[in-house]
Amino acid sequence: VLEGFSMIVLTLPIVLPVVLAAGFDKLWFGIFLILTIEMAQISPPVAFNLFVIQNITGDSQTYVAWKVIPFFLIMMAFTAILTVFPKLVTWPVDFILSR
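This is how it looks when you write it as structure tokens:
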């Protein structure tokens with residue numbers, strides 16, 4: 237079980253050259269990576285952020301996991317949208333730099 241920063245440090249040196257060789261944008265991949273790591277942090281059975289929320293609120297792990305489902309679905313939808321339309325990530329930067 238790793239926290240988000242550890243996941244990035246361990247996987248990025250191996251995965252980034254492959255991603256760049258495949259022609260993906262670094263900004264898009266960074267946002268995609270953060271979204272998928274956050275999805276991993278809130279999805280059971282080993283959800284680090286769920287344990288933190290459970291300890292703060294005092295609610296059961298099952299209750300907290302059920303309450304996180306809408307947020308998880310939103311992140312899944314956003315990840316799918318970014319996968320289908322990668323220009324959504326780079327469009328604002330391209331617009332600002334073109335002025």
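To convert, take the position in the sequence shown, counting from 1, and add 236; that gives this note's numbering. All C-beta atoms, glycine included, are put in the ideal place defined by N, C-alpha and C.
* To do: Take every Cβ of the region 238–256, pair it with every Cβ of the region 309–318, and state whether three or more of those distances are shorter than 8 Å.
  => no
* Smallest Cα separation from F343: which of E274, F287 and S334? -> Absent from the model: residue 343. The displayed extent of the chain is 237 to 335, so no value can be given.
* Looking at F268 and Q277, is the spacing between their C-beta atoms short of 7 Å? -> No, they are not a contact pair.
* **Under the three-state DSSP convention, the category S334 falls into** => Coil at S334, not helix or strand.
* Asked: For A257, is the classification buried or exposed, using 16 other Cβ atoms within 10 angstroms of its Cβ as the cut-off for buried?
  -> exposed
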